[in-house]
Amino acid sequence: MPSFVALLERRAPAAVARRLAPVAATLDRMLGGSEGLFVARRMALAAFVVRVASAAIAYLSQVLMARWIGDFEYGVFVVVWVAVVTLGGIACLGTQVAIIRFVPHYQETGEAALLRGVLRASRLQGLASATLFAALGILGIWLFGDRLASHYVLPLYLGAVCLPMLALAEIGSGVANGFSWSTLALWPTFIGRPLVLLAAMAGAIALGAPATAPTAMTAAVAATWLVTFAQNLAIEIRVRRAVPRGRRRYAPRLWATTIWPVFLAETFYGLLLNVDILVVGQMMAPEDAGVYYAAAKTLALVHIVYFAVRSATMPRFAQYFAAGDRPRLEGILRDGLIWTFWPSVLMVAGVLVAGRFLLGLFGPNFDAGYPLLFVLSLGVLARAAIGPAEAALTMAGRQKACAAIYSACFFLNLGLNLILVPRFGLAGAASATTATLAAEAILVYLAARLLIGLRSSIVDAMRGARLTTTAR
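Below you can see the structure in the form of structure tokens.
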């Protein structure tokens, strides 16, 4: 990575270079070097930049979608799209996260044959399992479609067509993350797909297609297939350069025992993230689901910090746990906590100040979701306060603990939503989600401290306490 000081000296006037030299030197200290900590910092910064850009693009695309098709059709679209994206993650069977652990582990141990094997097997397994999910979904809609509201049937059929490519996109991003290729891990899903979806929808309407949820889902299918194909092609080219040719070895029993708990954790995690929207879509009108989704999307501008740091630290956690390097584990954990919590606090403040304006962009009825932002933001900050603790647990091989926590939190969230939504409407859904996120943060913190000896708390990080202890 080029030095900021050297770049400043070459390109800036002397007076400007002298003034900015301390800032450039600080950036060099933070982001320079080839050690894993510096690589993680660069990945976190790259991931954050991509997530910010993607959040802006995704937000714009959702605003335009709501404006183009109206609040009823928009509500139908978001309920179906959330369900499909959730199933796309589940259909990977945990491979999309486990591969982030396997790639740096096999690089660290020099097991190139197993690395080649897991790269091939992960994509084949993801494609096969997602295709099976899609076929079962289509069969289920055909058999029980008369029990669904008619406006959901065609969008659900179209969503099933997306599943194989959504799974491949997840696994492709996992492979890229494992190699620390942040651009290939993040840009296709978070920049490319929303832009192509937006262009496809605009083109369809310009050509005379009806502004409806099925048209929006058709645009989503086209965007998903096109972008995922391009992403996997680029990853395959880069893998061939990074991994020498040779025979492949497979360890299906080891991989299965590793992936199974990850699958459970990711399944319940995906459901936990979206159960509120799905319950609102089932128990309230599509217009209400659209309002709730708009509020959740607005607060997702804050979630980008958590997910960017999580994405950047996972391969480093895997590497340091494999090497038994506790000092570097502490360094990356402290970085992860600080880089997660304080930017999240600043972004929550910004969202709350601008929230009414942002929701108004969706349409005249969407500012009803503004009070929800205050409730939902508490849950976001609770999760940010423990930083990448869940990533550390997963990369340390404690997938079963994550699975247990997320399954418990999913059922808690589902139960609270089923109780509170009929009584309090959208405020009940927001309260249920916030209470669940607070419970999740407490459980993940305790699991990390007891099982892997990490005190993953912003309070401990800010008071300079030692973050690594002896695991029980």
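Residue numbers (numbering that gives the first Met the number 0): 0 to 471.
Ideal Cβ placement from N, Cα and C applies to all residues, glycine included.
Residue i versus residue j - alpha carbon distance
i, j, result
"V62", "M216", "16 Å"
"D70", "Y292", "11 Å"
"A288", "G139", "23 Å"
"G173", "R240", "18 Å"
"G144", "Y156", "10 Å"
"Y249", "V274", "36 Å"
"A472", "G202", "Absent from the structure is residue 472, since the part of the chain shown begins at 0 and ends at 471."
"A127", "P163", "8 Å"
"L167", "P251", "19 Å"
"R246", "I99", "21 Å"
"F228", "V238", "15 Å"
"Q95", "D324", "25 Å"
"S149", "A212", "12 Å"
"T214", "T182", "30 Å"
"A428", "I68", "25 Å"
"L375", "A381", "10 Å"
"F361", "A367", "11 Å"
"N364", "W80", "21 Å"
"I404", "W259", "15 Å"
"G463", "G424", "43 Å"
"L445", "F373", "27 Å"
"L131", "A208", "31 Å"
"A400", "L123", "27 Å"
"P421", "P243", "58 Å"
"L332", "P193", "32 Å"
"G74", "A322", "48 Å"
"L277", "A353", "26 Å"
"L185", "S179", "11 Å"
"A111", "D334", "31 Å"
According to DSSP, residues forming a beta bridge with residue i
i, result
"L453", "T467"
Same chain, Cβ closer than 8 Å to residue i, neighbours up to 5 away in sequence not counted
i, result
"W254", "A97, F101, V117 and A120"
"V152", "I140 and G144"
"G35", "For G35, the predicted structure reports a pLDDT of 48, less than 50, and the residue's modelled location is therefore unreliable. A value from the coordinates is still provided. Correct list, in chain order: R315, Q318, Y319, R327 and I331."
Contacting residues, own chain, Cβ-Cβ under 7 Å from residue i (five flanking each side not counted)
i, result
"P103", "G177, P314, A317 and Q318"
"L357", "T297"
"L411", "T435 and A438"
"I451", "A391, L392, A395, R397 and A470"
"A447", "A388, A391, L392, L453 and S455"
"A199", "A218, A221 and A222"
"L113", "Y105, R248 and A250"
"I337", "A460"
"V347", "V301, S376, V379 and L380"
"L196", "S60, A218, A219 and A222"
"L191", "Checking the sequence, you will find Gly at residue 191 rather than Leu. Counting only Cβ-Cβ distances below 7 Å, and skipping sequence neighbours, we find V226."
"A90", "S128, A129, F132, L162 and A166"
"T188", "A168 and S172"
Chain-order list of residues whose beta-carbon lies under 6 Å from that of residue i (same chain, five-residue window excluded)
i, result
"F409", "F267, L270 and L271"
"C161", "V83, V220 and T223"
"E329", "L466 and T467"
"G171", "Q230, N231 and I234"
"G93", "I258, V261, F262 and E265"
"E72", "T211 and A212"
"V22", "Because V22 carries a pLDDT of 49, less than 50, the predicted location of this residue cannot be relied on, and no value is offered for it."
First through last residue of the alpha helix (DSSP H) which encompasses residue i
i, result
"N488", "With the chain covering 0 to 471 only, the question about residue 488 has no answer from this structure."
"R192", "R192 to A205"
"G378", "Y369 to A383"
"P163", "S149 to G177"
"P387", "No alpha helix (DSSP H) contains P387, which DSSP labels as neither H nor E."
"L360", "Note, L360: premise wrong, no alpha helix (DSSP H); not H, not E."
"W186", "S181 to W186"
"P421", "Q398 to F423"
Check: residue i C-beta below 7 Å from any heavy atom of the ligand ADP
i, result
"T433", "The ligand ADP is not part of the structure shown, which contains no ligands of any sort."
Any C-beta of chain B under 8 Å from that of residue i
i, result
"N273", "Protein chain content of the structure displayed is limited to a single chain, and chain B is not contained in it."
Query raised in the report: Along the chain, which unbroken stretches of the alpha helix (DSSP H) at least 4 residues long are found entirely within the region 282 to 327?
Result: Listed in chain order, the complete alpha helix (DSSP H) runs (minimum 4 residues) inside the region 282 to 327 are 285 to 322.
Requested in this report: Give, in chain order, every unbroken run of the alpha helix (DSSP H) that is at least 4 residues long and sits entirely within the region 34 to 119.
Outcome: As summarised for the region 34 to 119, the continuous alpha helix (DSSP H) elements at least 4 residues long and confined to that stretch are 35 to 89 and 94 to 108, given in chain order.
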